[in-house]
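Participant: Under my numbering, the first residue of the sequence shown is numbered 692, with each subsequent residue one higher.
All C-beta atoms in this analysis are idealised placements derived from N, C-alpha and C, irrespective of residue type, glycine included.
All figures in this text were calculated on a predicted structure; none of them were measured in a lab.
Input: one structure, supplied below.
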Amino acid sequence: MQQFFQGIKLRSTLTQAIRFRQLNTRYSISDSILAILYPIILGLGRIETTILLQQNGVFQYLASLPTYPNPTTLRRFLERFGSRGLTAFKNLHDQFRGHFLNKPQRLSSVIFDLDTKVLTVYGQQQGAKVGFNPKKRGRPSYQPLLCFEGKTGDIWEGIYLSGDIHPAPHTIGILERSISKLPSGVRKIRMRADSAFYDHTIAEYLQHVPASYAIVARITKPIQRYVTGLSYEESFPGFWVAEFEYKPWRWNNAQRFIVVRRLIPEKPSWQLSLFKMAGYTYHVIVTNLSLKPLNVWRFYNHRATGELIIRELIEAYTLGKIPSKDWVSNQAYFHLVLFAYNLINWFKRICLPIDLQRLNLQTIRNRLLLVPAQLIRSQGKPALSLPNSYPYSKTFMKVLENAKHTEISYPK
């Protein structure tokens, strides 16, 4: 990872792009950011557990950190960083996104997947509010709203909301910022989202862009009447499709609705199983795509990758470990987690063999990062000695070689 970071000039870009006054000058801004990013990547969980790295001279040597700050120093830095340096950091993150979207191959089209997640809190964290919380009713929460690029898996935009805020009013801003950051040459934009984003203002904005969309519809009584009166075509056993046009209340134009009917024994995603009747489940998607109904459903179903990414963010990247009671600090940590995720995603695309690029972070840790080894000095030169029994030594050396040849010009 350190070799990859050197190749993309991570430390120098952080140093040049993010500057603000600090009372504690023992650690530079770039040192402090890296001291938070590495534990996220290594899976140490809470900030308190980073104290283990204070005693680890080998880690400090490999990561080019002179020493390692204690948890209190990191929390104080998060507060300063969130209030003074976060805007510059997000701009830098955007520049990296634009560079890596076309790595290793240039994209002419993108797919934006929108999703949100409830993060339950158990203390007195600022900004945490009681809202929709299906697992812990009545508990306050935060609510990250994320936009992924469906082909690469990169997180393209994200905001941190209180738990009582509906995501729809913030969606157009997310999409505007995501689209504005696209490199030249991207000509086609498509968007997928669940029923939380079923809103006429979102559809009208996408029509104006223009962009295509497939959004799960909320089942109102008029839509129920349409669904029950349709003539369905069987695509394969136990699976039927149909479509209709309907202008919902407050929408400017009639919309195309795709309906998928399946037998109840299946257990589809709760986001799609909007109602059951007469032995069937019905899924309804509003879209402006010109694809056949079955292909619209297939296109939307690939959005499930976004749900896996959110699960990995919570379980592997400690997104659910709220580090502070301070709202600004938690915002800063949220954006550092997103950056850590993208760094690993870019690392996989650039450095890992093709057959390993779909591995999740935990598997990458087990195979490549959390490996017993010795740092020795042979004729005065430091060398990392891997164990003879290490089964992935060839892969390790190949990835290391790829990382050494990673180059990126500083984004201007």
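Which same chain residues, not among the five before or five after V1028, have their C-beta less than 8 Å away from its C-beta?
Facilitator: So the list reads I731, L1004, Y1008, T1009 and L1010, once near-sequence residues are dropped.
Participant: Any idea what DSSP makes of G849, helix, strand or coil?
Facilitator: It is a strand residue.
Participant: Candidates I727, S755, L753 and N1093: which alpha carbon is nearest P742's?
Facilitator: According to the sequence displayed, residue 742 carries Ile and not Pro. Comparing Cα positions, the closest option is I727.
Participant: For Q745, which of helix, strand or coil comes out of DSSP?
Facilitator: If DSSP states are grouped into helix, strand and coil, Q745 belongs with the helices.
Participant: By alpha-carbon positions, which one of L1060, S1069, Y1081 and P1082 ends up nearest to Q693?
Facilitator: L1060
Participant: CB T892 to CB A859, shorter than 9 Å?
Facilitator: yes
Participant: Taking the alpha carbon of R828 as the point to measure from, which residue in Y813, T862 and Q1048 has its own alpha carbon closest?
Facilitator: Y813
Participant: Taking only beta-carbon atoms, is K827 less than 9 Å away from chain C?
Facilitator: The chain inventory of the structure shown lacks chain C, comprising one protein chain alone.
Participant: Under the DSSP definition of a beta bridge, which residues are partnered with A1074?
Facilitator: I1067
Participant: Could you tell me the alpha carbon to alpha carbon distance between Q707 and W940, rounded to whole angstroms?
Facilitator: 51 Å
Participant: Per DSSP, which one or two residues make a beta bridge with D806?
Facilitator: L837
Participant: Whole angstroms are fine: how far does the CA of Y759 sit from the CA of S875?
Facilitator: 41 Å
Participant: Closer than 8 Å is the cut-off here; do at least three beta carbon pairs connect the stretch 832 to 843 with the stretch 806 to 821?
Facilitator: yes
Participant: Please report the distance separating the alpha-carbon of I914 from that of T972.
Facilitator: 14 Å
Participant: Kindly list the residues whose CB is nearer than 6 Å to the CB of S926, restricted to its own chain and excluding five residues on each side of it in sequence; keep chain order.
Facilitator: V932 and L985
Participant: Drop a sphere of 10 angstroms on the beta-carbon of H1096, count the other beta-carbons inside from all chains shown, and report buried for 16 or more, exposed for fewer.
Facilitator: exposed
Participant: Run through DSSP, which three-state label would K820 get?
Facilitator: strand
Participant: If you measure between the beta carbons of E791 and T716, is that distance less than 9 Å?
Facilitator: In the sequence as displayed, the identity of residue 791 is Phe instead of Glu. No, these two residues do not count as a Cβ contact at 9 Å.
Participant: Measure the alpha-carbon distance for N1021 versus N793 and round it to whole angstroms.
Facilitator: Rounded to the nearest whole angstrom, the C-alpha separation of N1021 and N793 is 31 Å.
Participant: Please confirm if the stretch 864 to 884 is in contact with the stretch 1032 to 1052, defined as three or more CB-CB distances below 8 Å between the two stretches.
Facilitator: No, because fewer than three Cβ pairs between the stretch 864 to 884 and the stretch 1032 to 1052 fall closer than 8 Å, the two stretches do not touch.
Participant: What residues in its chain sit with their C-beta under 6 Å from that of L777, if we drop five residues either side in the sequence?
Facilitator: Here the set comprises A1023.
Participant: Between F711 and F1030, what straight-line distance do the alpha-carbon atoms span, to the nearest angstrom?
Facilitator: 20 Å
Participant: Return yes when the Cβ of L701 is within less than 9 Å of the Cβ of L725, no when it is not.
Facilitator: yes
Participant: Candidates L753, A1094 and S1015: which alpha carbon is nearest A1074's?
Facilitator: L753
Participant: Using C-beta distances below 7 Å, list every residue in its chain close to L798, excluding the 5 sequence neighbours before and after it, in chain order.
Facilitator: If we look at L798 and ignore the five residues flanking it on each side, its Cβ neighbours are L792, K842 and V877.
Participant: Please name the residue in Y833, A908 and R830 whose C-alpha comes closest to that of W988.
Facilitator: A908
Participant: Which residues in the same chain have their Cβ closer than 7 Å to the Cβ of I955, if we skip the five residues on either side of it in sequence?
Facilitator: The residues are K967, G970, Y971 and T972.
Participant: Start and end of the alpha helix (DSSP H) containing R989?
Facilitator: That run of the alpha helix (DSSP H) goes P984 to N992.
Participant: At which residue ranges does the stretch 856 to 915 contain complete alpha helix (DSSP H) runs of 4 or more residues, listed in the order of the chain?
Facilitator: Contiguous alpha helix (DSSP H) elements confined to the stretch 856 to 915 occur at 859 to 871 and 891 to 899, taking only those with 4 or more residues.
Participant: Using DSSP with H/G/I as helix, E/B as strand and the rest coil, what is E936?
Facilitator: strand
Participant: Go through its chain and collect everything with a Cβ distance to S636's Cβ below 6 Å, but skip five positions before and after it.
Facilitator: Since the first residue of the chain shown is 692 and the last is 1103, residue 636 is not available in this structure.
Participant: Can you tell me which of G1071, L897, D845 and K938 puts its alpha carbon nearest to the alpha carbon of G997?
Facilitator: With distances taken between Cα atoms, G997 lies closest to D845.
Participant: Which value, in whole angstroms, describes the spacing of the CA atoms of N1036 and D855?
Facilitator: 31 Å
Participant: If I738 and R766 are in contact, beta carbons under 8 Å, what's the gap, nearest whole angstrom?
Facilitator: Confirmed, about 6 Å.
Participant: Within 10 angstroms of its Cβ, does N782 collect 16 or more other Cβ (buried), or is it exposed?
Facilitator: Exposed: under 16 other Cβ atoms inside 10 Å.
Participant: Please state the DSSP three-state secondary structure of E924.
Facilitator: strand
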